[in-house]
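In what follows, a single structure is set out as structure tokens and then discussed.
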Ligand SMILES: O=C(O)COP(=O)(O)O
Ligand SMILES: [Mg+2]
């Protein structure tokens, strides 16, 4: 049983958790590939490449096309991709089901909220502001904030520090193995939500709680606060 007022804050992953951003990511990535004379990838293929940050996205795209990429070229390709993505980050992107209600509900209950994503900060803020979610966030940490990307714990620890709360008092909500590993390494409780950009089920991700939809989050948090562990898988 956790003390009253637990958790002190809730942090969310972005891509595949709060927003379905894969269509804009795929479009910007394909524009980038085309500008270098390479063929496009399908939305389905790109969706599975999202979540480890922009360097890995570009590496995976080149790998899928059977192309080698040296570090200097990758840097140039990543720069172009980031520019193209920033220019269209909110064209086809939509909120995941239940996001607005959930965030406003948590906010009304006085729970500070934040976003911790591997997506670079500028595009992250543009997406959040487009959906008027930026104003709900006490902290927003993007992939270029300084610390190593998830699955390393640094971005999450950075957010907890900014909020002034111990990691064990802050719940993280994400869609991928990356998020689970980062939270574990940071010492944070983690809730995995289905419908994101992994082929694994939320149960298989090994989180403290697994939910099908975001509107199940308050109940999952309550169960964690009451000391109910993750269901056996
Ligand atoms: O890979 C990315 O750029 C972002 O992914 P995330 O929001 O799931 O961390
Ligand atoms: Mg994600």
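Residue numbers (my numbering): 20 to 252.
Yeah, the Cβ is synthetic: ideal placement off N, Cα and C, and Gly gets one too.
Given the structure is predicted, the values throughout are model-derived calculations rather than measurements.
For the beta strand (DSSP E) that contains residue i, what are its first and last residues?
i	result
residue 193	189-193
residue 209	209-212
Closer than 8 angstroms by C-beta to residue i: which residues in its own chain qualify, once you throw out the five before and the five after it? Chain order, please.
i	result
residue 144	153, 159 and 161
residue 84	52, 57, 58 and 60
residue 244	20, 21, 25 and 26
residue 251	Here the model assigns residue 251 a pLDDT of 45, short of 50, so the residue's position is not dependable, and the following value carries that caveat. Same-chain partners within the cutoff: there are none.
residue 126	132 and 155
residue 62	41, 42 and 45
Can you name the residues that DSSP bridges to residue i?
i	result
residue 135	160
residue 31	134 and 192
residue 114	38
residue 229	211
Excluding five sequence neighbours on each side, which residues of the same chain lie with their C-beta closer than 7 angstroms to the C-beta of residue i?
i	result
residue 150	114
residue 69	34, 35, 41, 44, 76 and 216
residue 103	47, 50 and 51
residue 226	199, 209, 210, 211 and 249
residue 206	186 and 187
residue 228	210, 239, 242, 243 and 249
If we define contact as Cβ-Cβ less than 8 angstroms, is residue i a contact residue for chain D?
i	result
residue 213	Going by chain labels, chain D is absent from the structure shown, which holds only one protein chain.
Determine the extent of the alpha helix (DSSP H) in which residue i is found, giving its start and end residues.
i	result
residue 118	118-127
residue 142	140-149
residue 177	173-182
residue 66	62-66
residue 234	First-last for residue 234: undefined, no H or E at that position.
residue 92	90-107
residue 86	First-last for residue 86: undefined, no H or E at that position.
Going by C-alpha distance, which of the options is nearest residue i?
i	options	result
residue 130	20, 239, 30 and 247	30
residue 239	112, 223, 208 and 168	208
residue 165	189, 138 and 148	138
residue 171	54, 204 and 185	204
residue 94	228, 219, 78 and 178	78
residue 109	177, 223, 148 and 221	148
residue 120	168, 54 and 235	235
residue 37	221, 99 and 146	146
residue 101	163, 116, 128 and 90	163
Since residue i and residue j are thought to touch, with beta carbons under 8 angstroms apart, how far apart are those beta carbons, to the nearest angstrom?
i	j	result
residue 5	residue 173	In the structure as shown, the chain begins at 20 and stops at 252. Residue 5 is therefore absent and cannot be evaluated.
residue 134	residue 33	5 angstroms
residue 105	residue 45	About 15 angstroms; that fails the 8 angstroms criterion.
residue 118	residue 97	About 28 angstroms; that fails the 8 angstroms criterion.
residue 28	residue 182	5 angstroms
residue 212	residue 233	6 angstroms
residue 39	residue 112	7 angstroms
residue 122	residue 157	Not a contact, Cβ separation roughly 12 angstroms.
residue 219	residue 201	That pair is no contact at about 15 angstroms.
Which residues in the same chain as residue i place their Cβ atom closer than 6 angstroms to its Cβ, once the five residues preceding and following it in sequence are excluded?
i	result
residue 66	41 and 216
residue 88	81
Chain-ordered residues, beta carbon under 6 angstroms from a heavy atom of ligand 4: With respect to ligand 4, the structure offers nothing, as its ligand set consists of ligand 1 and ligand 2.
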